[in-house]
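Asks: Chain order of the listed sequences is A and B. Quick note: to get the numbering used here, add 17 to the position in the first sequence (first position is 1). Quick note: to get the numbering used here, add 2 to the position in the second sequence (first position is 1). All residues carry an ideal CB built from backbone N, CA and C; glycine is no exception. Because the structure is a prediction, the values reported are computed rather than measured.
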Amino acid sequence: MINPINLAFKNAKEKKRPALLTYTVAGDNTKKKSLEILKSISKDVDICEIGFPHNTPIADGGQIQTSAYRALKNGLKISDVFQMVRDFKKSKNSKPVILMGYYNMIYQYGENNFIKKCKSSGVNGLIVVDLPWPENKGFAKKCKSKAISFVQLLSPTTSKERLKNIIKDSHDMIYYISMLSTTGGKLKVSPKQILNNYNKIKKIDPKKNCVIGFGITEKTIAKLRSADGLVVGSAICKEITRSLNNRQNPVINVSKVVAKLRNKIS
Amino acid sequence: MKLKKNVPLIDQHDKYGFWGGKFGGSYIPETLKKPVDDLTKEFSKLRKNKSFIKKRDFYFNNYIGAPTRFIKLENLSKHLGGAQIWAKVVSDANGGAHKIYNATVHALLCKSMGKKYIVGDTGAGYAGKMLSMAAKKFGLKCKIFMGAKDIKRQKPNCDAMKKNGAEIVPVTTGSQTLVDAVSECMRYWVSNCDTTHMCVGSTVGPNIFVKICGWSTAQISRELKKQIKIQFKKIPKKIKLINCVGGGSSAYGFWSEFIDFPKSQIELIGVEAGGPKNSKLHAAPLSRGAKLGVLHGAASYVCQNNEGQINETESISAGLDYPGVSPIHCFLKDTKRARYTYATDEDALNAYKLVTKFEKLNPSLEPSHAFAEAIKICPRLNKDTVIIVNSCGDAKKDRDILKRRLGKRI
Chain A
18 MINPINLAFK
28 NAKEKKRPAL
38 LTYTVAGDNT
48 KKKSLEILKS
58 ISKDVDICEI
68 GFPHNTPIAD
78 GGQIQTSAYR
88 ALKNGLKISD
98 VFQMVRDFKK
108 SKNSKPVILM
118 GYYNMIYQYG
128 ENNFIKKCKS
138 SGVNGLIVVD
148 LPWPENKGFA
158 KKCKSKAISF
168 VQLLSPTTSK
178 ERLKNIIKDS
188 HDMIYYISML
198 STTGGKLKVS
208 PKQILNNYNK
218 IKKIDPKKNC
228 VIGFGITEKT
238 IAKLRSADGL
248 VVGSAICKEI
258 TRSLNNRQNP
268 VINVSKVVAK
278 LRNKIS
Chain B
3 MKLKKNVPLI
13 DQHDKYGFWG
23 GKFGGSYIPE
33 TLKKPVDDLT
43 KEFSKLRKNK
53 SFIKKRDFYF
63 NNYIGAPTRF
73 IKLENLSKHL
83 GGAQIWAKVV
93 SDANGGAHKI
103 YNATVHALLC
113 KSMGKKYIVG
123 DTGAGYAGKM
133 LSMAAKKFGL
143 KCKIFMGAKD
153 IKRQKPNCDA
163 MKKNGAEIVP
173 VTTGSQTLVD
183 AVSECMRYWV
193 SNCDTTHMCV
203 GSTVGPNIFV
213 KICGWSTAQI
223 SRELKKQIKI
233 QFKKIPKKIK
243 LINCVGGGSS
253 AYGFWSEFID
263 FPKSQIELIG
273 VEAGGPKNSK
283 LHAAPLSRGA
293 KLGVLHGAAS
303 YVCQNNEGQI
313 NETESISAGL
323 DYPGVSPIHC
333 FLKDTKRARY
343 TYATDEDALN
353 AYKLVTKFEK
363 LNPSLEPSHA
373 FAEAIKICPR
383 LNKDTVIIVN
393 SCGDAKKDRD
403 ILKRRLGKRI
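#1: Between Q178 (chain B) and chain A, is any beta-carbon pair separated by less than 8 angstroms?
#2: Alpha carbons only, please: which of B:I214, B:I389, B:E316 and B:V202 is nearest the one belonging to S281 (chain B)?
#3: Could you give the C-beta distance for G26 (chain B) and Y124 (chain A), rounded to a whole number, given that I count them as a contact under 8 angstroms?
#4: Buried or exposed: E76 (chain B), going by 16 or more other Cβ atoms within 10 Å of its Cβ?
#5: Give the straight-line distance between the Cα atoms of I268 (chain B) and N352 (chain B), rounded to the nearest whole angstrom.
#6: Here's the rule I'm using: 16 or more other beta-carbon atoms within 10 Å means buried, otherwise exposed. How should S406 (chain B) be labelled?
#7: Helix or strand or just coil, what does DSSP make of L204 (chain A)?
#8: Classify G23 (chain B): buried if its beta carbon has 16 or more other beta carbons within 10 angstroms, exposed otherwise.
#9: What is the rounded straight-line gap between the Cα of A350 (chain B) and the Cα of A286 (chain B)?
#10: Taking the alpha-carbon positions, what's the K48 (chain A) to K106 (chain A) distance?
#11: For L404 (chain B) versus K335 (chain B), is the C-beta distance shorter than 8 angstroms?
#12: Is the number of C-beta pairs between the segment 290 to 310 of chain B and the segment 93 to 109 of chain B that are closer than 8 angstroms three or more?
#13: Going by C-alpha to C-alpha distance, which of B:P369, B:T343, B:L270 and B:N364 sits closest to S319 (chain B)?
#14: State the beta-bridge partners of G47 (chain A) as determined by DSSP.
#15: Could you check what DSSP says for H331 (chain B) in three-state terms: helix, strand or coil?
#16: Could you confirm whether any beta carbon from chain A is found closer than 8 angstroms to the beta carbon of C195 (chain B)?
#17: Is the beta carbon of P173 (chain A) closer than 8 angstroms to that of N216 (chain A)?
#18: What are the boundary residues of the beta strand (DSSP E) that Y303 (chain B) is part of?
#19: When the cut-off is 8 angstroms and only beta carbons count, does Q80 (chain A) lie next to chain B?
#20: Hey, is R189 (chain B)'s beta-carbon within less than 8 angstroms of any beta-carbon in chain A?
#21: How do the segment 357 to 367 of chain B and the segment 84 to 93 of chain B stand: do at least 3 beta-carbon pairs fall below 8 angstroms, yes or no?
#22: CA-CA distance, E314 (chain B) and P264 (chain B)?
#23: Quick one: what's got a C-beta closer than 7 angstroms to T199 (chain A)'s C-beta in the same chain, skipping five residues either side?
#24: Just to confirm before moving on: does the CB-CB distance between L34 (chain B) and V192 (chain B) stay below 8 angstroms?
#25: Please name the residue in B:L243, B:G249, B:K113 and B:H199 whose C-alpha comes closest to that of S266 (chain B).
#26: Report the neighbours of L180 (chain A) on chain B: residues whose CB is nearer than 7 angstroms to its CB, in chain order.
#27: Can you tell me which of the three DSSP states K107 (chain A) falls into?
#28: I'd like to know if K154 (chain A) contacts chain B, where contact means its C-beta is closer than 8 angstroms to some C-beta of that chain.
#29: Could you tell me which chain A residues have their CB closer than 8 angstroms to the CB of P172 (chain B), listed as they occur along the chain?
#30: Of all Cβ atoms in chain B, is any one closer than 8 angstroms to the Cβ of N121 (chain A)?
#31: Name the chain A residues that come within less than 9 angstroms of K43 (chain B), Cβ to Cβ?
#32: At 8 angstroms on the CB atoms, spell out the chain A contacts of S185 (chain B), in chain order.
#33: If you compare alpha carbons, which of A:L93, A:F131, A:F69 and A:P74 is closest to M117 (chain A)?
#34: Would you grab the beta carbon distance between S187 (chain A) and K225 (chain A) for me? Rounded to a whole angstrom, and I think it's under 8 angstroms.
#35: Give the list of continuous alpha helix (DSSP H) stretches no shorter than 4 residues that lie fully inside the segment 118 to 142 of chain A.
#36: Using 8 angstroms as the Cβ pair cut-off and three pairs as the minimum, do the segment 80 to 88 of chain A and the segment 292 to 307 of chain B touch?
So, in structure tokens, the structure goes:
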């Protein structure tokens with residue numbers, strides 16, 4: 018059986034567009050609302066990335082940090098994240114879900130326990146921001162043995178030698194960080210330059226699906242549409258913040274933003 | 003888990019950077035892999051390079067002012083009875099604290115890598131002040147990240163940083179103290195690592211920063227060893243080296259030459275920040291039973307909850323107010339080479355009062371924690387026991403807090 022993540026890329030490719038990936042923080046701003054947001058945007062999204070919030074994030078920008086604080090303030094626990102995935106999968110079983118977060122939370126939960134819980138709740142992939150290659154080899158192997166994709170990150174500072182090794186050890190999907198930045202930074206590199214680097218990665222192994230993330234907004238997304246997939250995170254978290262500040266329903270507003278993003282690449 | 007003899011503790015890690023197989027490592031985003039690798043290569047080259055060491059020693063002697071004094075606290079010893087109390091007055095160093103050793107080495111590294119910008123984090127403001135001094139001295143542009151709460155309580159050091167031309171970036175997230183300043187500094191570095199060097203203010207963070215900091219502060223114990231030999235003709239039979247532990251940079255520097263000695267001869271005692279007397283919040287991961295966790299790029303004992311969220315800490319001393327601790331101290335704890343305990347805010351204030359009453363010494367609130375332990379154990383010990391406290395910072399920066407708590411102007 019083809020892996021749901023790969024299937025999502027395959028489907029998008031058939032429609033001659035990149036896969037759209039969204040990142041939302043679990044529990045932002047409440048457990049109920051974040052599940053509603055997820056369900057409502059999923060019609061336009063190919064793969065859902067869900068962040069499990071940490072209170073000391075070292076690679077997140079202001080928007081995602083704000084979302085994470087909001088979720089934690091509302092009492093979000095890691096068990097709630099798993100419950101949320103389970104609930105989401107009940108209605109949208111085919112939609113792949115990738116969890117994203119920091120290693121300390123996995124470590125405290127216990128690596129094996131965490132993976133087991135991922136499996137039973139329907140998580141398809143994992144991104145651990147502060148667990149780089151080669152230190153992640155052991156954990157990535159454990160993930161693979163339970164058919165969970167460990168998504169490797171690549172950045173503009175990754176050396177050629179490292180690129181080769183990381184791609185070789187990667188599973189179904191690779192994540193290219195477009196520029197030196199925390200999440201949500203302004204795109205300070207030209208889309209052309211980003212695609213240039215992206216193509217170098219693709220050349221090493223054209224079969225691996227590679228997505229581009231960081232700095233992608235409604236304004237920039239169309240220019241990067243030749244990639245296998247594009248990740249939008251901070252722009253969505255920002256919209257939730259804006260809606261809450263204006264006392265509007267974030268579910269409706271975020272769905273609109275995501276529909277627009279999808280439109281730009283279709 | 004075992005300590006190796008004749009190998010500096012900073013080098014006793016495995017190929018992934020772990021001490022004792024579980025403390026340390028480099029839990030960093032992919033973006034930082036290359037800058038951290040580059041720095042690792044550069045440092046391993048330079049630390050063996052004779053002309054770099056000559057340069058370091060030149061600045062240690064002529065800029066920092068080595069060696070700092072080693073003095074007997076006659077009056078305090080007499081008052082307490084029991085053991086003799088000595089102090090290594092590291093606050094004699096240019097700038098008033100041990101943080102200058104690490105800052106100077108980082109500025110030299112930054113220059114040798116051809117980077118023009120340097121950033122750092124600070125709690126008590128000493129690491130920031132020293133980094134700004136070193137940056138000025140070596141012509142580097144400097145940004146210091148500091149919690150908004152710390153900016154308020156450590157104003158004198160902030161004024162010094164600004165005077166040195168550094169930009170202070172106030173951090174308003176989370177508890178607005180050191181832990182958030184470190185996060186923010188790392189985030190800034192993630193975004194600017196191609197042009198900017200980062201200086202971590204203590205023996206914390208990814209493996210290489212622990213090593214650089216430890217290598218720099220080791221100067222303290224090199225001096226002390228010589229001074230002890232001169233003073234006592236040989237190393238006495240019973241010594242207790244007492245040091246406060248926040249991140250653990252001054253303690254490692256104070257102890258590094260003495261770790262190979264038998265425990266029965268030289269006892270190493272680390273004193274953490276126990277926080278206000280009746281508060282549950284503290285910054286004492288080693289002495290109050292915190293669990294192993296990953297914070298700011300390294301695994302160590304961390305004050306955290308079951309979910310892995312980092313706890314807020316509370317201490318009167320901004321320099322110790324940090325939920326994590328150096329991996330090398332975790333290693334020293336688990337191998338039982340060092341003993342760790344804590345002093346409360348009140349203990350530290352009382353110790354400060356007593357020390358300043360009897361001696362012409364003005365220890366900041368950080369070493370006042372160490373003095374509190376010395377004062378506590380001194381009367382029970384005999385005359386031949388030599389207690390040495392690292393007076394690693396002066397209290398000028400604490401004048402507002404001391405005035406408020408003790409009604410005393412200093």
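Replies: With the given structure in hand:
#1: no
#2: B:E316
#3: The pair is not a contact, with the Cβ atoms about 14 angstroms apart (cut-off 8 angstroms).
#4: exposed
#5: 26 angstroms
#6: Before going further, note that residue 406 (chain B) is Arg rather than Ser in the sequence given. When all chains shown are included, R406 (chain B) counts as exposed.
#7: coil
#8: exposed
#9: 14 angstroms
#10: 15 angstroms
#11: no
#12: Contact between the segment 290 to 310 of chain B and the segment 93 to 109 of chain B is absent: fewer than 3 CB-CB pairs across the two stretches fall below 8 angstroms.
#13: When each option's Cα is compared against that of S319 (chain B), the closest is B:P369.
#14: Looking at the sequence provided, one finds Thr at residue 47 (chain A) rather than Gly. Residue pairing from DSSP leaves T47 (chain A) without any beta-bridge partner.
#15: Helix, per DSSP.
#16: Interface annotation, C195 (chain B): in contact with chain A, CB-CB separation under 8 angstroms.
#17: In this structure, N216 (chain A) keeps its C-beta atom at 8 angstroms or more from the C-beta atom of P173 (chain A).
#18: A300 to V304
#19: no
#20: yes
#21: yes
#22: Cα to Cα, the separation comes out at about 37 angstroms.
#23: A76, D77 and G78
#24: yes
#25: B:L243
#26: Chain B residues near L180 (chain A): none, gap ~11 angstroms exceeds 7 angstroms.
#27: Taken through DSSP and simplified to helix, strand or coil, K107 (chain A) comes out as helix.
#28: No, no contact with chain B.
#29: One finds nothing in chain A with a Cβ atom closer than 8 angstroms to the Cβ of P172 (chain B); even the nearest lies about 14 angstroms away.
#30: So, interface residue.
#31: Correct list: empty, because the minimum Cβ distance to chain A is about 12 angstroms.
#32: T73, P74 and I75
#33: A:F69
#34: 6 angstroms
#35: 120 to 126 and 128 to 138
#36: Remark: fewer than three beta-carbon pairs, one from each stretch, lie closer than 8 angstroms, so the segment 80 to 88 of chain A and the segment 292 to 307 of chain B are not flagged as touching.
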